[in-house]
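Letter 331 of the sequence shown, counting from 1, is numbered 538 in my numbering, and no numbers are missing. We treat Cβ as the ideally placed atom computed from N, Cα and C, and that holds for glycine. What follows is a single structure, written as C-alpha cells, with notes after it.
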Amino acid sequence: MKILNLILASTVLIAGISLQSCKKDIEEILDNENSIIPINFKIDIPESISSSNLQKSLMVTNDSLEGGEIYNHLRTFIHVGESAAEIVNNIMATISTQNINQAMSLSYQSDDDGRVKNLVVVENSTFDGLSWEYELTITDADNATNIDLGNALQVFWNTSPVKGIATLKPFNIDLSQNTAYPDAMYKIEYSEEVTGVYEKHMIVSINGLPLADPAIEPYSMSSLKMFAGKNGDIIDVYGNSEHPNAWFFHQDTTGFDWAFVASSNGTSDIAVAEVGLPSISVDAIDRGTLLVTNSMQNVFTDLIYIEYPNIDSASVANYLVNTNPPGYFNNAGFIQAGIAPNASYIGLVSNIASLTPYNPTDINNITISFK
208 MKILNLILAS
218 TVLIAGISLQ
228 SCKKDIEEIL
238 DNENSIIPIN
248 FKIDIPESIS
258 SSNLQKSLMV
268 TNDSLEGGEI
278 YNHLRTFIHV
288 GESAAEIVNN
298 IMATISTQNI
308 NQAMSLSYQS
318 DDDGRVKNLV
328 VVENSTFDGL
338 SWEYELTITD
348 ADNATNIDLG
358 NALQVFWNTS
368 PVKGIATLKP
378 FNIDLSQNTA
388 YPDAMYKIEY
398 SEEVTGVYEK
408 HMIVSINGLP
418 LADPAIEPYS
428 MSSLKMFAGK
438 NGDIIDVYGN
448 SEHPNAWFFH
458 QDTTGFDWAF
468 VASSNGTSDI
478 AVAEVGLPSI
488 SVDAIDRGTL
498 LVTNSMQNVF
508 TDLIYIEYPN
518 IDSASVANYL
528 VNTNPPGYFN
538 NAGFIQAGIA
548 PNASYIGLVS
558 NIASLTPYNP
568 TDINNITISF
578 K
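Shown next as C-alpha cells:
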C-alpha cells in the first residue's frame, strides 16, 4: 500500500491570522460610527463543495484509487480559496465597524506579534488599470525597508455598487505565526455589480505557498485561482489548483493541476462537479482539453497502462471507480459519480456544462503584487 499524504494548505490560511486581535487593536483607537469600508467582501460557498473535513486520505492501494477521493480533495482545495477570502473579509468587516469615513492615517500595536502597524486610507486611487474611490493599506512599520515595503493588506474599492481588489501578505500581518510562509500572497477580487448571470462574484488567487517534501507530501499546493459567482441560491465555482509534485500510479510522471468546475445550491446544500487532471505545463483554455481530453478517467487510464503495461481490463476497471463525470455531493461530501442521486441535481449538471477552468500554465505562473 502506498499512502500519498496531502498537505492541507488551508491550515496555512486559517492559522495565519488572529482576527479577534486585529479587531481589538483598532477598537482601542477608533470609535464605532459610519464607515466607508465594505462590510462584505466575499461569497459563501456551500459545504457540499467547500470543506476542510476530508472524508478519506488520498491513497493508492493495490485495488483502486477511487475518483471519489479526487472529488473530495477538490472540496479541500476550494475551501483553501474560500478561507483566503474569508480572512480578508473578516479583517475588512472588523475595520468597517470603526470611524473610517475619510482619508486618514494612524498607527497601532498589533496584539498578534506585538509590532507596530501603520494604516493609511487615501481617496481617488488607481490599481490594475482601474480607478477607485478609496485605497487602504496596512503595513508592518519595522519591515518598511524590506523589498515588499512591509505591505500586509492593500484594498482598493468603490462603494456603489461595492467592487474592489484586496491583496494580503500574512507574513506582515503576523510575524509570530507566518515565518514559515514568507512569500504567501492572496488576492481577492470582489464585485456586487451585476454581470452576465451573476448578481455578485469573487475571484481568489493564491501563490507563494511553500511545497512540502515530495517524498512525504507530494500533493502540496503551490498556487490556486478560482471564480465564484452567485445568482440567488446558485453558486457556481471554477478554477485550478497547482500541485507540482503530484503523481498518480506512475511516479515518474509528476506535476498535475486540479482543473474543476462546480455548481451548488446554497439552500439544499448539494453540488455537482467535474474535475480534469491536466499537467501543470498544459497551455490550453478550452473545456475539451482541460476536462475531456484530460478527464480523471482518461488520465488514470493512460498512467495505469504506463505503469502496468500488461494489466488486464478487469483490474483497470477496479482502479477507475467513480471516475465518470460528474461527481455528486451533499453537505456530507462526495456521494457518487456518473449518475445523479435524484432529479434535484439536474439543473446543476446543466450549469457546469457552460463553465471552464483557467489555463494551467497561467496558474502555474501566477503573480500577485501590491501597488
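Measuring only the C-alpha atoms, how far is residue i from residue j?
i, j, result
"A491", "L497", "7 Å"
"D390", "D349", "17 Å"
"A279", "Y512", "The question names Ala, but residue 279 in the sequence shown is Asn. About 25 Å."
"P548", "F507", "24 Å"
"V287", "S520", "37 Å"
"A524", "N505", "12 Å"
"I233", "I380", "Reliability fails at I233, whose pLDDT of 47 lies under 50, so the model's placement of it is uncertain and no value is given."
"I307", "G274", "49 Å"
"Y552", "Y535", "8 Å"
"L382", "L527", "45 Å"
"N537", "S259", "15 Å"
"D509", "V328", "54 Å"
"W364", "P245", "8 Å"
"G540", "L356", "42 Å"
"V267", "G462", "Reliability of the predicted coordinates at V267 is poor, the pLDDT of 42 falling under 50, and the value obtained from them is presented with this limitation in mind. Cα to Cα, V267 sits roughly 17 Å from G462."
"Q309", "T301", "17 Å"
"P516", "T500", "21 Å"
"I518", "F456", "13 Å"
"A351", "I252", "36 Å"
"N358", "S338", "21 Å"
"D420", "K437", "37 Å"
"S522", "I277", "19 Å"
Within 10 angstroms of its Cβ, does residue i collect 16 or more other Cβ (buried), or is it exposed?
i, result
"Q458", "exposed"
"Q361", "buried"
"M433", "buried"
"L265", "Low confidence applies to L265: its pLDDT is 41, below 50, so where it sits in the model is not reliable, and the reading given next is rough at best. Label assigned to L265: buried."
"M392", "buried"
"M428", "buried"
"L343", "buried"
"S576", "exposed"
"S430", "buried"
"I413", "buried"
"N571", "buried"
"V411", "buried"
Residue i bridges to which residues according to DSSP?
i, result
"F378", "Looking at the DSSP assignment, F378 forms no beta bridge with any residue, so it has no partner."
"V323", "Q316"
"H408", "S398, G436"
Whose CA, out of the options, lies closest to the CA of residue i?
i, options, result
"I573", "Q504, N447, S557", "N447"
"I345", "L337, I354, G371, I298", "I298"
"S471", "D318, G415, G554", "G554"
"I423", "N452, T402, G439", "N452"
"I546", "P532, G540, A539, N538", "P532"
"G415", "E400, N385, G436, T402", "N385"
"S475", "W339, E254, T374, N241", "E254"
"E406", "E330, D335, A435, A419", "A435"
"F334", "I570, I372, I413", "I372"
"S163", "R282, S242, I243, P516", "Outside the displayed span of the chain (208 to 578) sits residue 163, for which this structure offers no information."
"D569", "A466, V404, Y426", "A466"
"G495", "N571, P564, S312, I277", "P564"
"N247", "V404, K370, V556", "K370"
"D320", "K437, D347, G439", "D347"
Enumerate in chain order the residues of its own chain whose CB-to-CB distance from residue i is below 8 Å, with the five nearest sequence positions on each side excluded.
i, result
"I354", "none"
"N558", "I441, D443, S470, V479"
"N249", "Reading off the sequence, residue 249 comes out as Lys, not Asn. Cβ neighbours of K249 beyond the five flanking positions: E289, A292, E293, V295, N296, I395, Y397, M409."
"Q316", "D232, R322, V323, K324"
"T366", "I243, P245, E340, Y341"
"T402", "H408"
"D493", "T563"
"G439", "E406"
Quick one: what's got a C-beta closer than 7 Å to residue i's C-beta in the same chain, skipping five residues either side?
i, result
"S502", "G483, P532"
"L562", "D443, Y445, V468"
"P425", "L211, N452, A453, W454"
"I542", "Y535, F536, P548"
Near residue i, what residues of its chain come up, given a Cβ to Cβ distance below 6 Å and the 5 sequence neighbours on each side ignored?
i, result
"N529", "E273, G274, G275, A544"
"D464", "N447, E449, P485, I487, P567"
"P368", "E399, E400"
"E481", "V468, L498, P532, P533, I559"
"T374", "Q361, K394, F577"
"L326", "L313, I345"
"V489", "P567"
"N241", "N308"
"L226", "Bear in mind that the predicted position of L226 carries a pLDDT of just 37, short of 50, making it too unreliable to give a figure here."
Any heavy atom of the ligand SAH closer than 8 Å to the beta-carbon of residue i?
i, result
"T344", "Of the ligands one can find in the structure shown there are none, so the ligand SAH has no counterpart to examine."
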